[in-house]
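Enquirer: Counting in our numbering, the sequence shown runs from 20 upward without gaps. Every residue, glycine too, gets a C-beta built ideally from N, C-alpha and C. My questions will all concern the structure given below.
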Amino acid sequence: MGNEIFEALKLLEKERGIAMDFMLEKINKAIVTACKNSYDGNEHVEVLMDEKTGLFEVDLYKTVCEEVEFPGREISLKDAKKINKKVKIGEEVKIVLDTKEFGRIAAQTARNIIRQGIRDGERSQITAEFQSKQNQIVSALIERIDEKSGAFTLRIGKAESTLPKGEQIGTENVKEGDHIKVYVSDVRVSERGPKIMISRTHPNFVRKLFESEIPEIHDGVVEIKAVAREAGSRTKIALLSNNSSVDAIGSCIGSHGNRLGTIMEELGGEKIDLIEYSEDPAKFIAAALAPANVLGVEFDEETPNSCTATVPDNQLSLSIGNRGQNVRLAARLTGYKIDIRPESGFFGE
């Protein structure tokens, strides 16, 4: 019987990747539980399992009593002496159980705990796998699209996750069976298993796309200093070249715009403004307000991280952007509250 158990466990380890030691621990607990249920709550059980010899033995210890009230935990002196002639009242005697005697309840208990052990093992594997992929982009298969909520049910390796409508980019032009890229923002562990938090709207989704598509960024020659994003509409990304001979913006655009085009296609046509980062706040703020031309930037000495940018009258709307988007993204990118002032001095939108 022992050999059969070990062969089955070897097969589980090979097919499911669940360590034999992990499963042996679960079987041990299952047998103890079965004995407790079958022998008046007796938990004094020793399970011996040796893969090398094929040994599988279950030893139950009973207390020697003058009068037996609980047969599962106690044994008479007469019966105990049949096992050990020197045993005395109050001592314990070891009884080697025939594993077939556990019966249906014991076997079912063992099966349930083994199944749970398999699930726990798989969950641990999935948790470890996705914790290593946290803050990374992974490929996912769309298994189902909920018509009411618009949420996607995704298959990522062995795990299943949900991409809510709010984490999607605008109107995703996809169907069941398609593969999409998602950003793993967090992995939370619960009693029901790992919960994988994924997104396509997270600013780091754009950051990681640039890292994967632009060799200069991946190699650290070009550095992403900041990202501000309104998913599905527009992103501003600040770039710094760590090599004077490498153009940070040109590297990201690529020949005939192919590099930037690939990223924009993945983002469903989302517009991307590439901004040259500067340690000089005035230069950085002026660049962040692109495509508007900024004439000057003045800082409010009384209010930290606050400034006023002056633009030509005919570029007032351009600098502010549709519903204030351009100046809003520039403010997020730079960390400054930005007021826009037209060159003529007339304040207003």
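#1: Going by Cα to Cα distance, which pick from D139, P234, D205, G73 is closest to N154?
#2: Helix, strand or coil, according to DSSP, for I215 in the structure here?
#3: Using 8 angstroms as the threshold, is the C-beta distance between Y202 and R219 below it?
#4: For E289, count neighbouring Cβ atoms within 10 angstroms of its own Cβ and tell me buried if that reaches 16, exposed if not.
#5: What does the alpha-carbon distance come out to for the pair G91 and G140?
#6: Under the three-state reduction of DSSP, which class applies to S209: helix, strand or coil?
#7: Tell me which residue opens and which closes the beta strand (DSSP E) that L182 is part of.
#8: Using a threshold of 8 angstroms, state whether the C-beta atoms of E295 and A267 are closer than that.
#9: In or out: H221 buried (at least 16 other Cβ within 10 Å) or exposed?
#10: By the three-class DSSP mapping on this structure, what secondary structure does L293 have?
#11: I need the straight-line Cα distance from G60 to V51, nearest angstrom please.
#12: Are there 16 or more other CB atoms within 10 angstroms of the CB of E345, so buried, or fewer, so exposed?
#13: Among E298, R253, V330, which one has its Cα closest to the Cα of N341?
#14: If distances are taken between C-alpha atoms only, which option among F303, V316, V330, M42 comes closest to R351?
#15: If contact is defined by three or more beta carbon pairs under 8 angstroms, each pair taking one atom from either stretch, is the stretch 143-153 in contact with the stretch 164-183?
#16: For R347, which of helix, strand or coil comes out of DSSP?
#17: Give me the Cα-Cα distance between A99 and K81, rounded to the nearest whole angstrom.
#18: Using the C-alpha atoms, what's the distance from Y355 back to Q150?
#19: Around the Cβ of L19, are there at least 16 other Cβ atoms within 10 angstroms (buried) or fewer (exposed)?
#20: For G136, is the classification buried or exposed, using 16 other Cβ atoms within 10 angstroms of its Cβ as the cut-off for buried?
#21: How many whole angstroms separate the CB atoms of V208 and I256, which I take to be in contact at a CB cut-off of 8 angstroms?
#22: Within the same chain, show all residues whose beta-carbon is closer than 7 angstroms to that of F25, passing over the 5 residues directly before and after it, in chain order.
#23: Nearest CA to the CA of S231: which residue from D197, C271, I217, G169?
#24: In or out: G122 buried (at least 16 other Cβ within 10 Å) or exposed?
#25: Which of the three DSSP states is assigned to S57 in this structure?
#26: I need the straight-line Cα distance from E195 to M283, nearest angstrom please.
#27: Mind checking who M283 pairs with in its DSSP beta bridge?
#28: My assumption, with CB atoms under 8 angstroms, is that T327 sits in contact with R360. Please give the rounded CB distance.
#29: Comparing C-alpha positions only, which one of E320, N223, L308 sits nearest to L337?
#30: Checking 8 angstroms against the spacing of the C-beta atoms, do D240 and S263 come in under that value?
#31: With DSSP run on the structure shown, which of helix, strand or coil describes V51?
Expert: Taking the structure as given:
#1: D205
#2: strand
#3: A contact, by the Cβ cut-off of 8 angstroms.
#4: buried
#5: 33 angstroms
#6: strand
#7: 178-182
#8: yes
#9: buried
#10: strand
#11: 10 angstroms
#12: In the sequence on display, residue 345 carries Asn and not Glu. When all chains shown are included, N345 counts as buried.
#13: Selected option, being the one with the closest Cα: R253.
#14: Nearest C-alpha to R351: F303.
#15: yes
#16: The answer is helix: DSSP assigns R347 an H, G or I state.
#17: 9 angstroms
#18: 34 angstroms
#19: Since the first residue of the chain shown is 20 and the last is 368, residue 19 is not available in this structure.
#20: buried
#21: The Cβ separation is near 33 angstroms, so there is no contact.
#22: E70, G73
#23: C271
#24: In this prediction, G122 has a pLDDT of 43, which is less than 50 and means its spatial position is unreliable; nothing more can be read from the coordinates.
#25: Helix at S57.
#26: 22 angstroms
#27: Within the DSSP secondary-structure output, M283 pairs in no beta bridge.
#28: That belief holds up - the Cβ atoms of T327 and R360 are roughly 5 angstroms apart, short of 8 angstroms.
#29: L308
#30: Correcting the residue identity first, residue 240 is Val in this sequence and not Asp. Not closer than 8 angstroms, so no.
#31: Here DSSP, grouped into helix, strand and coil, assigns V51 to helix.
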